[in-house]
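Down below is the structure, laid out as structure tokens.
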Amino acid sequence: MAQKRYTSVDTLRFLSILAIIFYHYRTYIIPGGFLAVDVFFIISGLFVTRSLIKKRSSDRPPALPLTFFKRAKKNWFPMFVVIAICLTAILLFRHDLLVNVSSDVWSSLTFTNNWQQILSGSSYFQEMIHPSLFTHLWYVAVYMQLMLIWPPLYYYGISRFKDFKVQGWVILGFVLISALAMGLIFTSGEDPTRVYYGTDTRAFTFLIGALLAVWHVPEQFEQVFKIKKWWLLDILTLVLFFGSVALMFVLKDGSGWTYRGGMLLFDGLVALTIAGLMQEHSILRRVFEWKPLVWLSERSFPMYLWYYPIYIVWHSAAKNQNWLTDNIWAQIILIMALALVTDAIIIRKYWTTPIFNPPKGSKIRLFTGIKQIFNRHGKRSAQILFALFVFIYGATAIVLATAPTETNISVQEKAAADQQKQNEERNRELAEQKEKAEKDFATYYDKLETDDKQKIDNVGKDLAKKTYGMSATFIGDSLTVGVSDYIYTFYPMSVVDAQVGRQLYNTEDTIANLANNGQLADTVVVDLGANGPFTKNQLETMIQQIGKDKTIYLVNTHVDRPWRDQVNSVLEEATSENNHLHLIDWNSYFQANNNNWLEEDGVHLNDTGDQAWIKVVGDAMTK
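If you read the sequence shown in UniProt numbering, its first letter stands for residue 1, the second for the next number, and so on.
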């Protein structure tokens, strides 16, 4: 007997898709939107376990392998078609995205994408460093891995305990082990991809859904809130729902609190929200069952498949910004349109063709199918679709056979990582450097290494004479990492705290650590904005934490990304309102004078660009 479908819960899945999309497009507004994927896991854990409970009470043994392969097929074919279309598109228009795409594809199609990304050093949270169209398929991989492990574990193991309360305590034990593993493995200040992708550290979210099933939480709600008290249930469900939404605006992808209890709290609120939405007499349930929302929610999987490729294609090319790049709503409409077409053709089979997209329930017959296609009386629509599939799959084969392979940690990234370590060592030695500081520039210059002397000669000794005795703290991202050698040469008494992928709104711990270590100088230079925008309030919060008694220089950004103008506008507005803030207009200088100052990625500065940057910053700080 098929399970009852709760369309109100489906709507929650659709709203979660929107939260994930807005997380990527507007991270600075909804920094915890990445948590919305947990909703999918919880819903799956709930209904899969309810199905297993029914099978356990039946006399017939379940065909668990067959069920798994049905689920795999249901996810695999739409995913394969979307992957093939994406590969065709980048073969034609975006060759830069072909690097390493083969491993991404094979791992996605074998449901191992999450572990492949972990082992290769990829990051869900720094997509601009090594962009991939298929990063988001980590979720499908984790889901299918759990579908392989959980049904037999529950059916042949946990369900042997006849008492559902005991089953729940066993599952709760697994929840706590998984959540504890996430907290222990996560290291503050490091990329959280390992704990976010790991099947072991994500299992607790799925198991919370299983807890709802074995402890019959939806049924418990029905008992507690009698027919005359349903309004209390709606109030509770609303509080739970908005509580989980509020956490998306509070929790951040780099925060230790997120992985040490925050995500667990979020999942608990979502689980209870789901239980509330399943109640027959709930008014809120009826709102969530509004037909247009339900219709969209039934197409949520193809929306998930398409959102990330669209996002990456229009946000990863620094040299190809256009009106579509700047228009989030146009991209969302495109995502929806592609999802609807995919759903209609691939999932619902409204438009079929032999071999590649046969009608539901029909077998694939190669020679019969070819005859049907080349029959002059055959359907023109089927022939067109067949030709499209041939073209797309042919392009896919070419890509998989010829796509270049590089280590995910590029030479530039490796250099940045090495530079970060050197910077940390230099910062630790700062006190000793100050004691040994030379009293005059000539002596300082004479003791420099040849490479450092060359840096000063290239930029100008006059500037170095003014800066070498200054003490400042530089806070930045990978652009600052790249120019840090010049900073240390021109500002030997300074501290550089720069990290690849850093966002301005994630600097709270950084500033606190600098202050606690006595490394927050009276002069602070902030060079952030290359990786994403931020609000004026977020900037003001950072400035307040640094301290209004400090002299703060804000360097604007040159990166050709949709958020550049917004970042620079916020910086300009802030400096015009505060006397202790000073804008360093690097972008205007760059736009007027740039002469091959960028690396091949179109974002990071080469050595000539580093020289220009240190000159602009130095001139602004010494005038």
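For each residue, glycine too, the CB sits at the ideal point set by N, CA and C.
Inset, instruction - Could you tell me whether the stretch 456 to 470 touches the stretch 489 to 501, where touching means 3 or more Cβ pairs closer than 8 Å? - result: yes
Legend entry - Own chain, CB closer than 6 Å to Ser159, minus 5 neighbours either side, in chain order: Arg56
Legend entry - Distance between Ile85 and Leu92 (C-alpha atoms, nearest Å): 11 Å
Legend entry - Thr541 - DSSP class collapsed to helix/strand/coil: helix
Inset, instruction - Alpha carbon to alpha carbon, how far is Leu554 from Leu479? Give it in angstroms, no decimals. - result: About 14 Å.
Legend entry - Alpha-carbon spacing of Val245 relative to Asp607, whole angstroms: 45 Å
Inset, instruction - Tell me whether Ala498 sits in a helix, a strand or coil according to DSSP, three-state version. - result: Correct three-state label for Ala498: strand.
Legend entry - Separation of Lys455 from Lys447, as counted between CA atoms: 14 Å
Legend entry - Those residues which DSSP pairs with Gly476 across a bridge: Partner residues in the beta bridge of Gly476, as assigned by DSSP, are Ala498 and Asp527.
Legend entry - Buried or exposed (CB count within 10 angstroms, at least 16 for buried), Lys24: Position check: residue 24 holds His in this sequence, whereas Lys was assumed. By the 10 Å Cβ count, His24 comes out buried.
Inset, instruction - Say whether the stretch 140 to 148 touches the stretch 66 to 79, bearing in mind that this needs 3 or more beta-carbon pairs closer than 8 Å, one atom from each stretch. - result: yes
Legend entry - Spatial distance of Phe34 from Val459 (CA atoms): Computed Cα separation, rounded: 44 Å.
Inset, instruction - Buried or exposed for Lys252, please, with buried defined as at least 16 other CB atoms from any protein chain shown within 10 angstroms of its CB. - result: buried
Inset, instruction - Mind checking which residues open and close the alpha helix (DSSP H) that includes Tyr445? - result: Phe441 to Asp446
Legend entry - Environment of Asp59 [buried if 16+ CB atoms lie within 10 Å]: By the beta-carbon neighbour count (other beta carbons within 10 angstroms, threshold 16), Asp59 is exposed.
Legend entry - Cβ-Cβ distance between Thr49 and Ala213 below 8 Å: yes
Legend entry - DSSP state of His24 mapped onto helix, strand, coil: helix
Inset, instruction - Could you check which residue in Met147, Ser123 and Asp96 has the C-alpha nearest to that of Pro65? - result: Per the Cα distances, Met147.
Inset, instruction - Determine the direct distance from the alpha carbon of Val559 to that of Phe47, and round the result to whole angstroms. - result: 46 Å
Legend entry - Top-ranked residue by Cα proximity to Ile53, from Leu269, Ala210 and Ile345: Ranked by how close their Cα comes to the Cα of Ile53, the residues Leu269, Ala210 and Ile345 have Ala210 in first place.
Legend entry - Close Cβ partners of Trp563 (< 8 Å) along its chain, the five nearest in sequence each way excluded: The residues are Gly529, Gly532 and Pro533.
Legend entry - Three-way DSSP call (helix, strand, coil) for Ile384 in this model: The three-state reading of DSSP puts Ile384 in helix, counting H, G and I together.
Legend entry - Residue from Ala521, Gln116 and Asn100 whose Cα sits closest to the Cα of Asp549: Ala521
Inset, instruction - Please work out which residues of its chain come closer than 7 Å, Cβ to Cβ, to Ser44, disregarding the five sequence neighbours upstream and downstream, and give them in chain order. - result: Tyr143, Phe206 and Gly209
Inset, instruction - Output the distance between the C-alpha atoms of Ala179 and Leu605, rounded to the nearest integer angstrom. - result: 41 Å
Legend entry - Residue environment, Gly261, which counts as buried when at least 16 other CB atoms sit within 10 Å: Residue environment: Gly261 is assigned as exposed (fewer than 16 neighbouring CB atoms within 10 Å of its CB, all protein chains considered).
Legend entry - Residue burial classification, Tyr311 (beta-carbon count within 10 angstroms, cutoff 16): buried
Inset, instruction - Identify, in the order they occur along the chain, each residue of the same chain with its Cβ nearer than 8 Å to the Cβ of Ile37, setting aside the five sequence neighbours on each side. - result: At residue 37 the sequence reads Val, which differs from the Ile that was named. Once the five neighbours on either side are set aside, the close Cβ partners of Val37 are Ser16, Ile20 and Tyr139.
Inset, instruction - Pick out the complete beta strand (DSSP E) segments inside the stretch 538 to 605, 3 residues or longer, and give them in chain order. - result: With a minimum length of 3 residues, the continuous beta strand (DSSP E) runs that stay inside the stretch 538 to 605 are 551 to 555 and 581 to 584.
Legend entry - Ser132 and Ser123 closer than 8 Å at C-beta: no
Inset, instruction - Say whether the stretch 231 to 239 touches the stretch 149 to 165, bearing in mind that this needs 3 or more beta-carbon pairs closer than 8 Å, one atom from each stretch. - result: no
Legend entry - Beta-carbon contacts of Ala275 that lie in its chain and below 7 Å, excluding the five residues immediately before and after: Here the set comprises Leu212, Val217, Pro218 and Phe221.
Inset, instruction - Might you give, ordered along the chain, the residues of its own chain that have their beta carbon closer than 8 Å to the beta carbon of Ser102, omitting 5 neighbours on each side? - result: Val399, Leu400, Ala403 and Thr405
Legend entry - Expected contact under 8 Å - CB spacing of Gln145 and Phe111 to nearest Å: 6 Å
Legend entry - Beta-ladder partner(s) of Thr353, from DSSP: Asn357
Inset, instruction - Compute the beta-carbon to beta-carbon distance between Asp477 and Gly501, rounded to the nearest angstrom, for a pair I have assumed lies under 8 Å. - result: 7 Å
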